[in-house]
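Q: Can you read through this structure? Questions will come right after.
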Amino acid sequence: MIITTIKELRAYLDTQRKSGKTIGLVPTMGFLHEGHLSLIRRAKAENHIVVMSDFVNPTQFAPNEDFESYPRNIEHDEQLATDAGADVIFYPSVEEMYPNGSSTFVEAEGDITKVLCGASRPSHFKGVTTVVAMLFNIVQPQKAYFGQKDAQQAAVLIKMATDLHMNIELIVCPIVREEDGLAMSSRNTYLSANERAQAVILNQALVKAKTIFENGEHNVPNLIKTITDKITEMPLADIDYVSIYEYPSLKTIETVKEKALAAVAVRFGKTRLIDNIILEK
Ligand code: PAF
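Under this note's numbering, the residues of the sequence shown are numbered 26 to 306, in order.
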C-alpha cells in the first residue's frame, strides 16, 4: 500500500500501535535493489509492521549533483517492497516533506561529518540527518534499518539518535554484493559496460587490504597504499578518496588498534561509487 501524506500515515500507524503492533522503518530513496530488500526482510522478521519510505531527498544533494536524474520507479519499488514484506510504502512529495517556509535542519558536527563523503559533499549529511529525523518523527518506529554500504551515514545517524536521545534502535545490515563483488547501488545503473566491468576493483582492493591486515599489516598509510595501487590498475578509475578511520568514531589513526573503516569513493566516468570494509582485530 502506498501512502503519500503524513496525516494518512500517522492515522494508519496510530491504529496499528493501539493494537500493540511494533513498527520498523526502512528509509530509502527508492529504485530498489537486493540491498534494500535485505533491509525490508530483516525489518519484517523483527517487527509487526514495516514502513519503507521512498523519497529522493533534495536537501542531501548539492546543486551540481544528480538529484534530478536520480533513478526513480515507484511502480517497480511498490511491487518489490511489498513482496519483501513492506506493509506501507511512504511516498511523499517534496512539498509534503518540506512545505513552504520549512527552514529547520538537524546537523551532526565534528569529524564524523567532515571526513570521507563529508569532505567531498559538505552539505550532504545535514540533508540526511534532517530527513531521517523527520521520518523518525513521522513514523516513530521502534527500530530503523540502514545499510553498511553507507557506513559513514550509519555512524552519523547513530550519533544523531544518541545525541538527541531518540528512543529508536538503529540496525546496520551487511553490504549486499553482485556475484562479482560490486556493492549493490541504485547508481550502478549509470555505469557503461566498460565502467561496470572495471568497478569490481573496489571490492577487490578492499578485500586485499583486509587480507594483509589479517596477516599483520596494521599501519594505516601502508594499507591505504595497497588499496590505492590496486584501484589504479583500472584506467577508468578516478579516485575521490581512499581512507581508513577508527570506526565508528571516524577519528584519524596511524595504526589500526581495534576496529577501523577502510572506505573508498571512486568515479567511473560521471558515476561516483562508494564501498567499504571493516578491519577488526
Ligand atoms: O541511504 C539513503 O538512501 C538515504 O541517504 C536516506 C537514508 C534514505 C535518507 O534520504
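Even for Gly, the Cβ is constructed at its ideal location relative to N, Cα and C.
(1) Please confirm whether any heavy atom of the ligand PAF lies closer than 7 Å to the CB of THR53.
(2) Please find out if some non-hydrogen atom of the ligand PAF comes closer than 7 Å to the beta-carbon of ASP175.
(3) Do the segment 187-205 and the segment 274-287 make contact, defined as three or more Cβ pairs closer than 8 Å?
(4) State the DSSP-derived secondary structure class of VAL76, mapped to helix, strand or coil.
(5) Locate the alpha helix (DSSP H) running through PRO246, then write down its first and last residues.
(6) Please work out which residues of its chain come closer than 7 Å, Cβ to Cβ, to GLN223, disregarding the five sequence neighbours upstream and downstream, and give them in chain order.
(7) Nearest by alpha-carbon distance to LEU57: which of PRO96, ALA290, LEU34, LYS284 is it?
(8) In terms of residue numbering, what span does the alpha helix (DSSP H) encompassing TYR37 cover?
(9) Which term fits PHE161, buried or exposed, when burial requires 16 or more other beta carbons within 10 angstroms of its beta carbon?
(10) What is the residue span of the beta strand (DSSP E) that PHE115 lies within?
(11) Under the three-state reduction of DSSP, which class applies to TYR272: helix, strand or coil?
(12) I need the DSSP call for LEU57, collapsed to helix, strand or coil.
(13) Can you grab the Cα-Cα spacing for the pair ASN89 / ARG146, in whole Å?
(14) Between the segment 99-116 and the segment 74-89, can you find at least three pairs of beta-carbon atoms closer than 8 Å?
(15) Opposite PRO260 in the DSSP bridges: which residues?
(16) Once the 5 residues before and after PHE86 are set aside, which same chain residues still bring their CB inside 6 Å of it?
(17) Hey, quick one: how far does the alpha helix (DSSP H) through PHE150 stretch, first residue to last?
(18) Please classify ASN213: does DSSP put it in a helix, a strand, or coil?
A: Taking the geometry as given:
(1) yes
(2) Yes.
(3) no
(4) strand
(5) Under the DSSP assignment, PRO246 falls in the alpha helix (DSSP H) whose first and last residues are 245-256.
(6) Same-chain partners within the cutoff: MET259, LEU261, ALA262, PHE293.
(7) PRO96
(8) 31-43
(9) buried
(10) 113-115
(11) coil
(12) coil
(13) 10 Å
(14) yes
(15) DSSP output for PRO260 lists no bridge partner at all.
(16) So the list reads PHE92, once near-sequence residues are dropped.
(17) 149-164
(18) The answer is helix: DSSP assigns ASN213 an H, G or I state.
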